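Numbers in our numbering are just positions in the sequence shown, counted from 1, shifted up by 968. All C-beta atoms in this analysis are idealised placements derived from N, C-alpha and C, irrespective of residue type, glycine included. Because the structure is a prediction, the values reported are computed rather than measured.
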Amino acid sequence: MVESGKIPVAISECLLGERVRFDGGHKRSRYITDTLSDYFEYRAYCPEVAIGLGIPRKPIRLLATDGMTRVVQADDASIDVTDPLRDYARSLTSDIENVCGYIFMQNSPSCGAFGMKRYGSNGYPLDKNGRGAFADEIMQRFPLLPIEEAGRLNDAGLRDNFISRVFAYHDWKVSVAQDPSPGALIEFYSRYKYQVMAHHVPSYKAIGPLLADLKTPPIETVCEQFLTIFMTALSHLATRKGNTNTLLHLRGYLRGKLDAQENQELSGLIDNYREGLVPLVVPLTLLKHHLLKIDDDYLQRQTFWNPHPERLGLRNVIPT
969 MVESGKIPVA ISECLLGERV RFDGGHKRSR YITDTLSDYF EYRAYCPEVA IGLGIPRKPI
1029 RLLATDGMTR VVQADDASID VTDPLRDYAR SLTSDIENVC GYIFMQNSPS CGAFGMKRYG
1089 SNGYPLDKNG RGAFADEIMQ RFPLLPIEEA GRLNDAGLRD NFISRVFAYH DWKVSVAQDP
1149 SPGALIEFYS RYKYQVMAHH VPSYKAIGPL LADLKTPPIE TVCEQFLTIF MTALSHLATR
1209 KGNTNTLLHL RGYLRGKLDA QENQELSGLI DNYREGLVPL VVPLTLLKHH LLKIDDDYLQ
1269 RQTFWNPHPE RLGLRNVIPT
């Protein structure tokens, strides 16, 4: 946690309104600067400026050549900036180790993280299998770091998933990574158990055996293995099917504690959510209300209820 109490997140500098683009412009995202900034403290980077390309500058693009992807000047493929971009990413290793997520600028030959257009030597578009050289180096070095592009945050499911992962990763760093112990690990997972179930049942099933024996292997080894499974699980989008399955599991704690009318109302709302008629927040709120009657700290502390601040309203949208 940084001094502001916000979560440190790396970001492409142009997304904050800084005029660092090749044409001297910016790509400010108001959702990022006006909404997420209440929770995230940004650490901004522009790799193209950092390696000396200047503002304004000639555009660059991805060139597929000899089984590799290179970043070259669009009008002169002999000017290759691939290695400087990767070197700059490597120079930031200690900085990126301290952040809990990275928001990249989409469609950037340096920062584009997904589906970047690559060109052939003839100058024509070849495919969309590329990734910006700077982003690629960061993602290879930090495979568990929550990564997203600003443009993809317009998708409700991707937005929910990324922000959930950032909060979970930050929680891990604060709750476990600073002082690993069997107790800290068990306490951490006890809060995330149903969130993991909602995202990826195979990972949920894999974590149990891993945590069954915390005396024999070094706790650092177990924590490393756990974090890989945990963050991989959360990288899967939580769908209506996964959320419904989790709602039904949690409903099991209410067996024999609701009257017929309450049972019918809760069943109806879960079915409506499963069919896409109401957002997740509707059955979730009623289920949590009933579970509060049990006065079970384990249930009340589940991050499945609120994997991110309610003020963001992310669960008011029906996921696909």
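If you measure between the beta carbons of residue i and residue j, is that distance less than 9 Å?
i	j	result
V1039	G1100	yes
R1029	E1016	no
L1126	L1252	no
A1136	M1199	yes
Y1013	L1053	no
I1064	R1109	yes
F1194	L1234	no
I1197	P1148	no
Checking the sheet assignment: what are the DSSP bridge partners for residue i?
i	result
R1086	L1030, D1095
M1036	T1033
A978	R1011, Y1070
I1115	Y1070
D1043	In the DSSP output, where bridge partners are listed per residue, D1043 has none listed.
D1048	V1040
Judging by CA-CA distance, which residue of the options is the nearest neighbour of residue i?
i	options	result
I979	A1057, D1034, G1069, T1037	G1069
Q1074	Q1108, R1120, Y1092, D1051	R1120
K1183	P1150, V1164, T1214	P1150
Y1056	E1117, L1021, F990, P1027	L1021
N1066	G1098, A1118, E1009	E1009
D1128	I975, G973, L1280	L1280
S1076	T1061, V1134, Q1229, K995	K995
P1114	T1207, S1059, L1202	L1202
F1072	F1082, G1035, E1117	E1117
G981	T1271, Y1007, R1011, D1006	Looking at the sequence itself, residue 981 is Glu, so the reference to Gly does not match. Out of T1271, Y1007, R1011, D1006, R1011 has the C-alpha closest to the C-alpha of E981.
Given a threshold of 16 other Cβ atoms within 10 Å of its Cβ, counted over all protein chains shown, does residue i qualify as buried or as exposed?
i	result
Q1268	exposed
E1105	buried
P1170	exposed
H1257	exposed
G1098	buried
L1259	buried
Looking at C-beta atoms only, is the number of pairs between the segment 973–987 and the segment 1036–1050 that lie closer than 8 Å three or more? Inter-segment contact for the segment 973–987 and the segment 1036–1050 is absent: fewer than three beta-carbon pairs are separated by less than 8 Å.
Does the segment 1240–1254 touch the segment 1277–1287, meaning 3 or more C-beta pairs lie closer than 8 Å? The segment 1277–1287 makes contact with the segment 1240–1254, as at least three CB pairs between them are under 8 Å.
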